[in-house]
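The working numbering numbers the first residue of the sequence shown as 1261 and each following residue consecutively. C-beta atoms are modelled at their ideal positions from N, C-alpha and C, and glycine is treated no differently. None of these values were measured; they are calculated from a predicted model.
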Amino acid sequence: MAPVASRRVRRRVRSSKQPDARGRSAEDWWWDRLAPRGSGYHLLQADSMLLVLPDLEPPRARVHRRARRRAPRSLARGPTAVAKPRTKPRPEPSLDQGLDSGWGDRIPLEVLVHIFGLLVAAHGPMPFLGRAARVCRHWHEATSHPSLWHTVTLSPSLVGRAGKGNLKGEKKLLACLEWLVPNRFSQLQSLTLIHWKSQVHSVLELVSKFCPRLTFLKLSDCHTVTAETLVMLARACCQLHSLDLHHSMVESTAVVSFLEEAGSRMRKLWLTYSSQTTAILGALLDNCCPQLQVLQVSTGMNCNSTPLQLPVEALQKGCPQLQVLRLLNLIWLPKPCGRGVPQGPGFPSLEELCLAGSTCNFVSNEVLGRLLHRSPKLRLLDLRGCARVTPSGLCHLPCQELEQLYLGLYGISDGLTLAKDGSPLLTQKWYHTLRELDFSGQGFSEKDLEQALAVFSGTPGGLHPALCSLNLRGTRVTPSTVSSVISGCPGLLYLNLESCRCLPRGLKRVYRGLEEVQWCLEQLLTSPPSAREPT
(Lines of atoms letter the chains of each structure in order from A and count residues from 1; the text may use other names and numbers.)
(Lines give C-alpha, C1' and ligand atoms only; values in the text may rest on other atoms or scores of the structure.)
Protein backbone atom coordinates (compact mmCIF):
# COMPACT_ATOMS: atom_id res chain seq x y z
CA MET A 1 0.00 0.00 0.00
CA ALA A 2 1.47 3.37 -1.05
CA PRO A 3 2.16 5.83 1.74
CA VAL A 4 -0.33 8.63 2.06
CA ALA A 5 1.08 12.14 1.43
CA SER A 6 1.09 14.38 4.47
CA ARG A 7 -1.00 17.53 4.67
CA ARG A 8 2.06 19.77 4.39
CA VAL A 9 3.14 18.12 1.15
CA ARG A 10 -0.35 18.40 -0.32
CA ARG A 11 -0.43 22.14 0.47
CA ARG A 12 2.70 23.12 -1.41
CA VAL A 13 2.45 25.94 -3.93
CA ARG A 14 1.27 24.77 -7.33
CA SER A 15 0.54 26.63 -10.50
CA SER A 16 -3.07 27.46 -11.31
CA LYS A 17 -2.96 25.16 -14.35
CA GLN A 18 -1.81 22.12 -12.36
CA PRO A 19 -4.40 21.10 -9.75
CA ASP A 20 -3.34 18.91 -6.88
CA ALA A 21 -4.62 15.46 -5.98
CA ARG A 22 -7.73 16.98 -4.41
CA GLY A 23 -8.48 19.08 -7.51
CA ARG A 24 -7.53 22.40 -5.92
CA SER A 25 -5.83 25.17 -7.86
CA ALA A 26 -3.26 27.60 -6.47
CA GLU A 27 -5.98 30.16 -5.77
CA ASP A 28 -7.96 27.65 -3.71
CA TRP A 29 -4.79 26.86 -1.82
CA TRP A 30 -4.39 30.56 -0.91
CA TRP A 31 -8.00 30.76 0.27
CA ASP A 32 -7.38 27.76 2.53
CA ARG A 33 -4.42 29.59 4.01
CA LEU A 34 -6.35 32.85 4.25
CA ALA A 35 -9.57 31.64 5.86
CA PRO A 36 -9.34 27.90 6.71
CA ARG A 37 -12.50 26.10 7.57
CA GLY A 38 -13.04 25.50 11.25
CA SER A 39 -10.22 27.75 12.43
CA GLY A 40 -9.48 31.41 13.17
CA TYR A 41 -9.00 34.03 10.51
CA HIS A 42 -5.79 35.88 9.71
CA LEU A 43 -7.25 39.18 8.53
CA LEU A 44 -8.85 41.18 11.32
CA GLN A 45 -11.43 43.93 10.77
CA ALA A 46 -10.72 46.25 13.73
CA ASP A 47 -13.58 48.76 13.23
CA SER A 48 -16.39 46.23 13.03
CA MET A 49 -17.52 42.92 14.37
CA LEU A 50 -16.72 39.55 12.86
CA LEU A 51 -19.46 38.38 10.53
CA VAL A 52 -20.70 34.92 11.54
CA LEU A 53 -23.14 33.13 9.29
CA PRO A 54 -24.96 30.40 11.26
CA ASP A 55 -26.19 27.23 9.66
CA LEU A 56 -29.77 28.05 8.75
CA GLU A 57 -30.43 24.58 7.33
CA PRO A 58 -29.15 21.09 8.08
CA PRO A 59 -26.26 19.85 5.94
CA ARG A 60 -27.40 18.95 2.47
CA ALA A 61 -26.94 15.46 1.21
CA ARG A 62 -24.46 15.47 -1.62
CA VAL A 63 -26.16 12.76 -3.62
CA HIS A 64 -24.62 13.79 -6.90
CA ARG A 65 -21.09 13.52 -5.48
CA ARG A 66 -21.27 10.28 -3.59
CA ALA A 67 -21.66 6.93 -5.25
CA ARG A 68 -24.33 4.77 -3.82
CA ARG A 69 -23.12 1.92 -1.77
CA ARG A 70 -24.74 -1.39 -2.46
CA ALA A 71 -25.90 -3.41 0.49
CA PRO A 72 -23.57 -6.36 1.11
CA ARG A 73 -25.01 -9.69 0.26
CA SER A 74 -25.50 -12.06 3.14
CA LEU A 75 -23.77 -15.39 2.79
CA ALA A 76 -25.93 -18.38 3.64
CA ARG A 77 -24.20 -20.71 6.07
CA GLY A 78 -26.82 -23.36 6.59
CA PRO A 79 -30.41 -24.28 6.08
CA THR A 80 -31.60 -21.80 8.73
CA ALA A 81 -29.97 -18.79 7.07
CA VAL A 82 -32.49 -16.35 5.66
CA ALA A 83 -31.53 -13.72 3.12
CA LYS A 84 -32.15 -10.13 4.28
CA PRO A 85 -34.53 -8.15 2.12
CA ARG A 86 -32.91 -5.45 0.02
CA THR A 87 -33.89 -1.95 1.02
CA LYS A 88 -35.12 0.40 -1.67
CA PRO A 89 -32.74 3.24 -2.43
CA ARG A 90 -33.85 6.69 -1.38
CA PRO A 91 -34.95 8.91 -4.23
CA GLU A 92 -32.61 11.75 -5.18
CA PRO A 93 -33.68 15.18 -3.94
CA SER A 94 -35.35 17.24 -6.64
CA LEU A 95 -35.56 20.98 -7.13
CA ASP A 96 -39.14 20.97 -5.88
CA GLN A 97 -37.97 19.75 -2.49
CA GLY A 98 -35.87 22.89 -1.96
CA LEU A 99 -32.53 21.08 -1.59
CA ASP A 100 -29.65 22.25 -3.77
CA SER A 101 -31.98 24.44 -5.81
CA GLY A 102 -29.11 26.50 -7.24
CA TRP A 103 -30.66 29.84 -6.32
CA GLY A 104 -27.20 31.36 -5.89
CA ASP A 105 -26.36 30.70 -9.55
CA ARG A 106 -29.52 32.40 -10.80
CA ILE A 107 -28.78 35.75 -9.09
CA PRO A 108 -27.37 38.25 -11.61
CA LEU A 109 -23.73 39.06 -11.07
CA GLU A 110 -24.40 42.79 -10.64
CA VAL A 111 -26.98 42.12 -7.91
CA LEU A 112 -24.68 39.69 -6.13
CA VAL A 113 -21.82 42.20 -6.17
CA HIS A 114 -24.17 44.84 -4.74
CA ILE A 115 -25.26 42.51 -1.92
CA PHE A 116 -21.66 41.65 -1.12
CA GLY A 117 -20.85 45.35 -1.17
CA LEU A 118 -23.40 46.00 1.58
CA LEU A 119 -21.83 43.30 3.75
CA VAL A 120 -18.33 44.59 3.07
CA ALA A 121 -19.36 48.13 3.98
CA ALA A 122 -20.71 46.92 7.33
CA HIS A 123 -18.17 44.24 8.29
CA GLY A 124 -15.16 44.61 6.00
CA PRO A 125 -14.03 42.35 3.16
CA MET A 126 -12.40 39.71 5.32
CA PRO A 127 -13.08 37.01 6.26
CA PHE A 128 -16.45 37.11 4.47
CA LEU A 129 -15.19 37.38 0.88
CA GLY A 130 -12.64 34.62 1.44
CA ARG A 131 -15.35 32.24 2.61
CA ALA A 132 -17.98 33.30 0.07
CA ALA A 133 -15.51 32.61 -2.76
CA ARG A 134 -15.73 28.86 -1.97
CA VAL A 135 -19.48 28.55 -2.35
CA CYS A 136 -19.60 28.21 -6.13
CA ARG A 137 -18.00 29.56 -9.27
CA HIS A 138 -20.63 32.30 -9.59
CA TRP A 139 -19.93 33.56 -6.08
CA HIS A 140 -16.21 33.26 -6.69
CA GLU A 141 -16.56 35.54 -9.71
CA ALA A 142 -18.55 38.06 -7.64
CA THR A 143 -16.03 38.14 -4.81
CA SER A 144 -13.24 38.74 -7.32
CA HIS A 145 -14.71 42.13 -8.27
CA PRO A 146 -12.09 44.77 -7.38
CA SER A 147 -14.70 47.26 -6.15
CA LEU A 148 -15.29 45.06 -3.07
CA TRP A 149 -11.67 45.45 -1.98
CA HIS A 150 -11.42 49.25 -1.66
CA THR A 151 -11.05 49.24 2.16
CA VAL A 152 -8.92 46.61 3.91
CA THR A 153 -7.60 46.17 7.46
CA LEU A 154 -4.68 43.76 7.97
CA SER A 155 -3.58 42.44 11.34
CA PRO A 156 -1.43 39.34 11.85
CA SER A 157 -2.77 36.63 14.11
CA LEU A 158 -0.90 35.78 17.30
CA VAL A 159 0.51 32.26 17.16
CA GLY A 160 2.24 30.87 20.23
CA ARG A 161 4.13 33.30 22.42
CA ALA A 162 3.68 37.03 22.14
CA GLY A 163 7.14 37.74 20.72
CA LYS A 164 7.86 34.93 18.28
CA GLY A 165 4.19 34.22 17.64
CA ASN A 166 3.61 37.66 16.19
CA LEU A 167 6.53 37.24 13.78
CA LYS A 168 5.17 33.89 12.62
CA GLY A 169 1.75 35.42 12.10
CA GLU A 170 3.25 38.26 10.04
CA LYS A 171 5.16 35.87 7.78
CA LYS A 172 2.12 33.67 7.31
CA LEU A 173 -0.10 36.62 6.39
CA LEU A 174 2.59 38.09 4.14
CA ALA A 175 2.70 34.83 2.17
CA CYS A 176 -1.04 35.15 1.56
CA LEU A 177 -0.72 38.79 0.55
CA GLU A 178 1.79 37.92 -2.14
CA TRP A 179 -1.11 36.43 -4.11
CA LEU A 180 -3.94 38.54 -2.71
CA VAL A 181 -2.51 42.03 -3.40
CA PRO A 182 -1.84 41.65 -7.14
CA ASN A 183 -5.11 39.75 -7.75
CA ARG A 184 -7.60 41.68 -5.59
CA PHE A 185 -6.21 45.05 -4.51
CA SER A 186 -6.09 46.86 -7.85
CA GLN A 187 -8.73 49.39 -6.65
CA LEU A 188 -7.61 49.59 -3.03
CA GLN A 189 -8.18 53.07 -1.57
CA SER A 190 -7.91 52.68 2.22
CA LEU A 191 -5.40 50.43 4.01
CA THR A 192 -4.96 49.92 7.75
CA LEU A 193 -2.08 47.95 9.27
CA ILE A 194 -2.36 46.98 12.95
CA HIS A 195 0.29 45.39 15.19
CA TRP A 196 2.94 44.87 12.51
CA LYS A 197 6.44 44.66 14.00
CA SER A 198 8.87 43.58 11.28
CA GLN A 199 7.18 43.15 7.88
CA VAL A 200 5.80 46.66 7.31
CA HIS A 201 8.28 47.39 4.52
CA SER A 202 7.40 44.17 2.65
CA VAL A 203 3.66 44.85 2.83
CA LEU A 204 3.98 48.47 1.73
CA GLU A 205 6.29 47.41 -1.08
CA LEU A 206 3.55 45.15 -2.45
CA VAL A 207 1.03 47.97 -2.06
CA SER A 208 3.26 50.43 -3.91
CA LYS A 209 3.52 48.04 -6.87
CA PHE A 210 -0.12 47.01 -7.28
CA CYS A 211 -2.26 49.70 -5.56
CA PRO A 212 -1.90 52.98 -7.48
CA ARG A 213 -5.28 54.30 -6.24
CA LEU A 214 -4.38 54.27 -2.55
CA THR A 215 -5.58 57.47 -0.82
CA PHE A 216 -5.50 56.64 2.92
CA LEU A 217 -2.90 54.78 4.99
CA LYS A 218 -3.14 54.06 8.71
CA LEU A 219 -0.33 52.50 10.72
CA SER A 220 -1.49 51.60 14.22
CA ASP A 221 1.07 50.15 16.65
CA CYS A 222 3.53 49.47 13.84
CA HIS A 223 7.32 49.43 14.14
CA THR A 224 10.35 49.65 11.83
CA VAL A 225 8.73 52.23 9.57
CA THR A 226 11.63 53.88 7.76
CA ALA A 227 11.94 56.97 5.59
CA GLU A 228 12.71 54.77 2.59
CA THR A 229 9.41 52.95 3.02
CA LEU A 230 7.26 56.08 3.25
CA VAL A 231 9.03 57.87 0.40
CA MET A 232 8.66 54.78 -1.81
CA LEU A 233 4.93 54.73 -1.10
CA ALA A 234 4.55 58.47 -1.70
CA ARG A 235 6.18 58.20 -5.13
CA ALA A 236 4.25 55.11 -6.23
CA CYS A 237 0.80 56.15 -4.95
CA CYS A 238 0.21 59.56 -6.48
CA GLN A 239 -3.30 59.84 -4.97
CA LEU A 240 -2.22 59.25 -1.36
CA HIS A 241 -3.38 62.29 0.66
CA SER A 242 -4.11 60.98 4.19
CA LEU A 243 -1.64 59.48 6.68
CA ASP A 244 -2.51 58.23 10.18
CA LEU A 245 0.49 57.41 12.39
CA HIS A 246 -1.39 57.29 15.68
CA HIS A 247 0.31 55.01 18.28
CA SER A 248 3.09 54.01 15.88
CA MET A 249 6.85 54.33 16.39
CA VAL A 250 7.95 56.39 13.38
CA GLU A 251 11.05 58.56 13.30
CA SER A 252 10.47 62.24 12.66
CA THR A 253 12.94 62.15 9.77
CA ALA A 254 10.76 59.55 8.02
CA VAL A 255 7.63 61.68 8.40
CA VAL A 256 9.42 64.85 7.28
CA SER A 257 10.78 63.04 4.22
CA PHE A 258 7.29 61.82 3.38
CA LEU A 259 5.82 65.31 3.74
CA GLU A 260 8.53 66.76 1.52
CA GLU A 261 7.62 64.24 -1.17
CA ALA A 262 3.79 64.28 -0.88
CA GLY A 263 3.12 67.44 1.12
CA SER A 264 1.59 69.37 -1.75
CA ARG A 265 -1.35 66.92 -1.93
CA MET A 266 -1.72 66.07 1.77
CA ARG A 267 -5.22 66.60 3.19
CA LYS A 268 -5.25 64.75 6.54
CA LEU A 269 -2.53 63.98 9.09
CA TRP A 270 -2.77 62.20 12.47
CA LEU A 271 0.24 62.23 14.83
CA THR A 272 1.12 60.98 18.31
CA TYR A 273 2.92 63.54 20.42
CA SER A 274 6.51 62.78 21.35
CA SER A 275 9.80 64.61 21.67
CA GLN A 276 10.12 64.45 17.86
CA THR A 277 6.80 66.09 17.07
CA THR A 278 8.41 69.53 17.00
CA ALA A 279 10.38 68.64 13.86
CA ILE A 280 7.19 67.51 12.08
CA LEU A 281 5.34 70.66 13.10
CA GLY A 282 8.30 72.66 11.83
CA ALA A 283 7.73 71.20 8.37
CA LEU A 284 4.07 72.22 8.54
CA LEU A 285 5.01 75.75 9.60
CA ASP A 286 7.28 76.03 6.54
CA ASN A 287 4.23 75.72 4.27
CA CYS A 288 5.04 72.12 3.41
CA CYS A 289 1.34 71.13 3.35
CA PRO A 290 -0.63 74.16 2.11
CA GLN A 291 -3.74 72.03 1.36
CA LEU A 292 -3.92 70.33 4.77
CA GLN A 293 -7.48 70.17 6.10
CA VAL A 294 -7.29 67.88 9.16
CA LEU A 295 -4.51 67.94 11.78
CA GLN A 296 -4.66 65.87 14.97
CA VAL A 297 -1.95 65.59 17.61
CA SER A 298 -2.70 63.48 20.67
CA THR A 299 -0.81 61.68 23.39
CA GLY A 300 0.01 58.00 23.18
CA MET A 301 -0.07 55.30 25.82
CA ASN A 302 2.91 56.87 27.61
CA CYS A 303 1.96 60.48 28.26
CA ASN A 304 4.71 63.03 27.65
CA SER A 305 4.86 65.68 30.38
CA THR A 306 6.91 68.08 28.26
CA PRO A 307 4.62 70.92 27.17
CA LEU A 308 4.22 71.57 23.48
CA GLN A 309 4.90 75.14 22.46
CA LEU A 310 2.76 75.92 19.45
CA PRO A 311 3.26 79.07 17.35
CA VAL A 312 -0.37 79.79 16.53
CA GLU A 313 0.17 82.54 13.97
CA ALA A 314 2.83 80.55 12.09
CA LEU A 315 0.51 77.55 11.89
CA GLN A 316 -2.24 79.76 10.47
CA LYS A 317 0.12 80.89 7.72
CA GLY A 318 1.45 77.39 7.00
CA CYS A 319 -1.97 75.66 6.91
CA PRO A 320 -4.48 78.26 5.70
CA GLN A 321 -7.02 75.63 4.52
CA LEU A 322 -7.29 73.86 7.89
CA GLN A 323 -10.83 72.71 8.70
CA VAL A 324 -10.27 70.42 11.72
CA LEU A 325 -7.69 71.02 14.47
CA ARG A 326 -7.45 68.56 17.37
CA LEU A 327 -4.92 68.86 20.19
CA LEU A 328 -6.16 66.09 22.44
CA ASN A 329 -4.98 65.51 25.99
CA LEU A 330 -1.92 67.66 25.42
CA ILE A 331 -0.17 70.05 27.76
CA TRP A 332 0.50 72.85 25.32
CA LEU A 333 0.89 76.58 25.40
CA PRO A 334 1.00 79.07 22.56
CA LYS A 335 4.19 80.82 21.69
CA PRO A 336 3.92 84.39 23.00
CA CYS A 337 3.71 87.08 20.38
CA GLY A 338 5.62 90.30 20.77
CA ARG A 339 4.13 93.68 21.54
CA GLY A 340 2.63 95.53 18.62
CA VAL A 341 2.54 92.39 16.47
CA PRO A 342 -0.74 92.24 14.49
CA GLN A 343 -3.02 89.23 14.73
CA GLY A 344 -2.42 86.32 12.42
CA PRO A 345 -4.52 85.45 9.38
CA GLY A 346 -6.58 83.00 11.45
CA PHE A 347 -8.30 79.85 10.19
CA PRO A 348 -11.11 81.10 7.93
CA SER A 349 -12.20 77.56 6.97
CA LEU A 350 -12.03 76.02 10.46
CA GLU A 351 -15.13 73.99 11.37
CA GLU A 352 -13.93 71.91 14.33
CA LEU A 353 -11.60 72.79 17.21
CA CYS A 354 -10.89 70.20 19.93
CA LEU A 355 -8.65 71.16 22.84
CA ALA A 356 -9.98 68.59 25.32
CA GLY A 357 -7.69 67.30 28.05
CA SER A 358 -7.81 65.36 31.30
CA THR A 359 -5.63 67.87 33.16
CA CYS A 360 -5.78 71.60 33.58
CA ASN A 361 -4.13 73.35 30.61
CA PHE A 362 -3.07 76.83 29.62
CA VAL A 363 -5.97 77.60 27.27
CA SER A 364 -7.52 80.92 28.19
CA ASN A 365 -9.82 83.49 26.61
CA GLU A 366 -6.83 85.22 25.03
CA VAL A 367 -5.52 81.99 23.49
CA LEU A 368 -8.96 81.09 22.20
CA GLY A 369 -9.27 84.52 20.61
CA ARG A 370 -5.96 84.10 18.79
CA LEU A 371 -7.13 80.79 17.39
CA LEU A 372 -10.71 81.67 16.39
CA HIS A 373 -10.80 85.40 15.74
CA ARG A 374 -11.40 84.73 12.02
CA SER A 375 -13.32 81.42 12.08
CA PRO A 376 -16.98 82.19 11.28
CA LYS A 377 -17.67 78.65 10.02
CA LEU A 378 -16.96 76.90 13.34
CA ARG A 379 -19.47 74.12 14.10
CA LEU A 380 -17.83 72.12 16.91
CA LEU A 381 -15.93 73.51 19.91
CA ASP A 382 -14.57 71.02 22.47
CA LEU A 383 -13.04 72.73 25.51
CA ARG A 384 -13.38 69.96 28.08
CA GLY A 385 -10.81 70.53 30.79
CA CYS A 386 -10.17 74.15 29.80
CA ALA A 387 -11.14 75.68 33.16
CA ARG A 388 -9.60 79.08 32.33
CA VAL A 389 -12.12 79.78 29.55
CA THR A 390 -15.16 81.79 30.70
CA PRO A 391 -18.54 82.49 29.07
CA SER A 392 -17.61 86.14 28.59
CA GLY A 393 -14.69 85.06 26.40
CA LEU A 394 -16.79 82.62 24.39
CA CYS A 395 -19.58 85.05 23.56
CA HIS A 396 -17.16 87.25 21.59
CA LEU A 397 -16.27 84.52 19.09
CA PRO A 398 -17.27 85.32 15.48
CA CYS A 399 -19.02 81.98 14.86
CA GLN A 400 -22.82 82.33 14.83
CA GLU A 401 -23.96 78.78 14.02
CA LEU A 402 -22.22 76.60 16.60
CA GLU A 403 -23.79 73.13 16.81
CA GLN A 404 -21.71 71.30 19.44
CA LEU A 405 -20.28 72.96 22.57
CA TYR A 406 -18.43 70.94 25.23
CA LEU A 407 -17.35 72.74 28.41
CA GLY A 408 -17.30 69.80 30.81
CA LEU A 409 -14.83 69.60 33.69
CA TYR A 410 -14.27 65.97 34.64
CA GLY A 411 -12.55 65.61 38.00
CA ILE A 412 -10.29 68.65 37.61
CA SER A 413 -12.53 71.36 39.10
CA ASP A 414 -11.44 70.68 42.68
CA GLY A 415 -9.53 73.65 44.07
CA LEU A 416 -10.38 75.88 41.09
CA THR A 417 -12.43 79.05 41.21
CA LEU A 418 -15.20 78.51 38.67
CA ALA A 419 -17.54 81.09 37.21
CA LYS A 420 -20.97 81.08 38.86
CA ASP A 421 -22.76 83.12 36.22
CA GLY A 422 -22.59 83.77 32.49
CA SER A 423 -24.14 80.62 31.05
CA PRO A 424 -27.12 82.56 29.57
CA LEU A 425 -24.65 84.38 27.31
CA LEU A 426 -23.85 81.09 25.59
CA THR A 427 -27.35 79.68 25.17
CA GLN A 428 -28.84 82.97 24.00
CA LYS A 429 -26.22 83.22 21.25
CA TRP A 430 -26.41 79.66 19.91
CA TYR A 431 -29.77 78.24 21.07
CA HIS A 432 -31.12 78.14 17.49
CA THR A 433 -28.31 75.85 16.24
CA LEU A 434 -27.03 73.94 19.31
CA ARG A 435 -27.54 70.20 19.06
CA GLU A 436 -25.18 69.06 21.84
CA LEU A 437 -24.35 70.97 25.03
CA ASP A 438 -22.06 69.89 27.88
CA PHE A 439 -22.03 71.86 31.18
CA SER A 440 -20.85 68.98 33.40
CA GLY A 441 -18.80 70.03 36.44
CA GLN A 442 -19.39 73.75 35.93
CA GLY A 443 -20.14 75.93 38.98
CA PHE A 444 -23.08 77.91 37.60
CA SER A 445 -25.75 78.73 40.19
CA GLU A 446 -29.35 77.44 40.14
CA LYS A 447 -30.75 80.75 38.93
CA ASP A 448 -28.08 81.14 36.27
CA LEU A 449 -28.78 77.66 34.85
CA GLU A 450 -32.50 78.34 34.94
CA GLN A 451 -32.05 81.46 32.82
CA ALA A 452 -29.66 79.73 30.47
CA LEU A 453 -31.89 76.69 29.80
CA ALA A 454 -35.10 78.71 29.64
CA VAL A 455 -34.32 79.69 26.06
CA PHE A 456 -34.92 76.07 24.98
CA SER A 457 -38.48 76.02 26.32
CA GLY A 458 -39.91 79.00 24.45
CA THR A 459 -38.43 79.46 20.99
CA PRO A 460 -39.89 82.20 18.78
CA GLY A 461 -42.06 81.24 15.83
CA GLY A 462 -43.18 77.95 17.39
CA LEU A 463 -40.06 76.11 16.16
CA HIS A 464 -38.62 73.39 18.36
CA PRO A 465 -34.96 73.66 19.39
CA ALA A 466 -32.45 71.38 17.72
CA LEU A 467 -31.01 70.25 21.08
CA CYS A 468 -30.69 66.44 21.23
CA SER A 469 -27.93 65.94 23.85
CA LEU A 470 -27.56 67.73 27.21
CA ASN A 471 -24.97 66.92 29.87
CA LEU A 472 -25.64 68.53 33.29
CA ARG A 473 -23.62 66.12 35.39
CA GLY A 474 -22.54 67.59 38.75
CA THR A 475 -24.35 70.92 38.26
CA ARG A 476 -26.92 72.73 40.43
CA VAL A 477 -29.80 72.27 38.02
CA THR A 478 -33.28 72.14 39.65
CA PRO A 479 -36.21 69.78 38.89
CA SER A 480 -38.32 72.60 37.43
CA THR A 481 -35.52 73.56 35.04
CA VAL A 482 -35.07 69.97 33.88
CA SER A 483 -38.79 69.46 33.26
CA SER A 484 -39.04 72.68 31.24
CA VAL A 485 -36.09 71.68 29.07
CA ILE A 486 -37.53 68.23 28.35
CA SER A 487 -40.93 69.72 27.53
CA GLY A 488 -39.44 72.29 25.18
CA CYS A 489 -37.06 69.89 23.39
CA PRO A 490 -39.03 66.96 21.94
CA GLY A 491 -35.93 65.72 20.14
CA LEU A 492 -33.83 65.30 23.30
CA LEU A 493 -32.28 61.82 23.19
CA TYR A 494 -29.51 62.05 25.80
CA LEU A 495 -29.71 63.62 29.27
CA ASN A 496 -27.06 63.22 31.98
CA LEU A 497 -28.22 64.13 35.50
CA GLU A 498 -25.63 62.23 37.52
CA SER A 499 -24.45 63.82 40.78
CA CYS A 500 -26.91 66.73 40.49
CA ARG A 501 -27.29 67.68 44.14
CA CYS A 502 -30.54 69.61 43.65
CA LEU A 503 -32.45 66.66 42.19
CA PRO A 504 -34.33 63.99 44.20
CA ARG A 505 -33.09 60.48 44.60
CA GLY A 506 -33.86 58.02 41.85
CA LEU A 507 -33.47 60.57 39.08
CA LYS A 508 -29.73 61.18 39.24
CA ARG A 509 -28.67 59.05 36.33
CA VAL A 510 -28.16 59.00 32.58
CA TYR A 511 -31.18 58.85 30.27
CA ARG A 512 -30.68 57.50 26.78
CA GLY A 513 -33.40 57.44 24.18
CA LEU A 514 -36.72 59.22 23.85
CA GLU A 515 -38.59 56.78 26.13
CA GLU A 516 -36.22 57.18 29.07
CA VAL A 517 -36.16 60.97 28.75
CA GLN A 518 -39.97 61.11 28.71
CA TRP A 519 -40.07 58.79 31.72
CA CYS A 520 -37.87 61.26 33.59
CA LEU A 521 -40.33 64.04 32.71
CA GLU A 522 -43.27 61.99 34.00
CA GLN A 523 -41.49 61.33 37.26
CA LEU A 524 -40.76 65.02 37.74
CA LEU A 525 -44.33 66.06 36.98
CA THR A 526 -46.13 63.37 38.97
CA SER A 527 -43.92 63.24 42.05
CA PRO A 528 -45.24 65.12 45.12
CA PRO A 529 -43.53 68.39 46.10
CA SER A 530 -41.92 66.74 49.13
CA ALA A 531 -40.18 64.21 46.86
CA ARG A 532 -38.74 66.98 44.68
CA GLU A 533 -36.70 68.41 47.52
CA PRO A 534 -32.95 67.98 46.97
CA THR A 535 -31.18 65.19 48.82
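Whole angstroms are fine: how far does the CA of residue j sit from the CA of residue i?
i     : j     : result
A1487 : E1511 : 8 angstroms
S1407 : Q1447 : 6 angstroms
A1726 : Q1449 : 36 angstroms
S1705 : D1698 : 16 angstroms
S1717 : L1784 : 16 angstroms
L1379 : H1501 : 27 angstroms
R1630 : W1690 : 21 angstroms
R1736 : G1703 : 8 angstroms
Q1551 : L1544 : 11 angstroms
S1609 : L1427 : 45 angstroms
L1503 : A1393 : 32 angstroms
C1749 : H1692 : 12 angstroms
Q1553 : L1638 : 14 angstroms
W1409 : T1403 : 9 angstroms
S1624 : A1522 : 35 angstroms
C1597 : T1475 : 38 angstroms
L1519 : C1549 : 7 angstroms
Run the CB neighbour count on residue i, radius 10 Å, all protein chains shown included, and call it buried at 16 or more, exposed below.
i     : result
D1708 : buried
W1779 : exposed
N1547 : exposed
K1469 : exposed
V1742 : buried
L1676 : exposed
S1535 : exposed
V1777 : buried
T1786 : exposed
A1514 : buried
C1498 : exposed
P1442 : exposed
L1774 : exposed
I1746 : buried
G1744 : First, the residue type needs correcting, since residue 1744 is Ser and not Gly in the sequence shown. Flag for S1744 reads buried.
L1531 : buried
R1391 : buried
Whole-angstrom Cβ separation of residue i and residue j, contact assumed at under 8 angstroms?
i     : j     : result
S1635 : L1588 : With 8 angstroms as the limit, S1635 and L1588 do not qualify as a contact, their Cβ atoms being about 19 angstroms apart.
L1582 : F1607 : 5 angstroms
L1585 : T1537 : The pair is not a contact, with the Cβ atoms about 15 angstroms apart (cut-off 8 angstroms).
G1701 : L1669 : 3 angstroms
E1758 : T1738 : Actually they are not in contact, since the Cβ atoms of E1758 and T1738 sit about 16 angstroms apart, beyond 8 angstroms.
H1398 : D1365 : 5 angstroms
Closest to residue i by C-alpha separation, out of the options, would be which residue?
i     : options                    : result
L1643 : K1637, H1633, L1654        : L1654
T1489 : D1481, E1521, L1464, M1509 : L1464
T1411 : R1397, K1478, A1522, L1505 : K1478
H1506 : S1700, T1484, V1516, L1529 : L1529
G1682 : H1692, L1694, L1713        : L1713
T1650 : Y1670, L1678, E1663        : L1678
Y1771 : C1762, F1445, L1781        : L1781
L1632 : R1648, E1612, C1646        : E1612
L1628 : S1740, Q1688, L1641, T1619 : L1641
C1482 : A1382, Q1711, P1416, E1626 : P1416
Q1576 : G1604, L1590, S1462, K1595 : G1604
A1494 : S1480, C1471, T1484        : C1471
S1508 : R1473, R1527, V1460        : V1460
N1731 : N1756, T1687, R1473        : N1756
L1570 : R1391, V1485, E1696, L1541 : L1541
R1444 : V1395, W1456, L1389, V1491 : L1389
Give the secondary structure of residue i by DSSP, where H, G and I count as helix, E and B as strand, and everything else as coil.
i     : result
F1476 : strand
C1756 : Looking at the sequence provided, one finds Asn at residue 1756 rather than Cys. The answer is strand: DSSP assigns N1756 an E or B state.
D1698 : strand
R1394 : coil
P1442 : helix
V1770 : strand
E1690 : Reading the sequence as shown, one finds Trp at residue 1690 and not Glu. Reduced to three states, the DSSP call for W1690 is helix.
I1375 : helix
W1797 : Given that the chain is displayed from residue 1261 to residue 1795, the structure contains no residue 1797 and the question cannot be resolved.
R1525 : helix
L1541 : helix
L1665 : strand
S1740 : helix
E1612 : strand
T1677 : coil
S1450 : strand
R1630 : helix
T1650 : coil
L1335 : With a pLDDT of 48 at L1335, under the threshold of 50, the modelled position of that residue is not reliable, and the figure given next carries that caveat. In this structure, L1335 counts as coil in the three-state DSSP scheme.
N1621 : coil
D1546 : coil
Can you find a CB in chain C that lies within less than 9 angstroms of the CB of residue i?
i     : result
L1593 : In the structure shown, chain C does not exist; there is a single protein chain.
Using only the heavy atoms of the ligand ATP, determine whether one of them is closer than 8 angstroms to the beta carbon of residue i.
i     : result
S1508 : In terms of ligand content, the structure shown is empty, and the ligand ATP therefore cannot be addressed.
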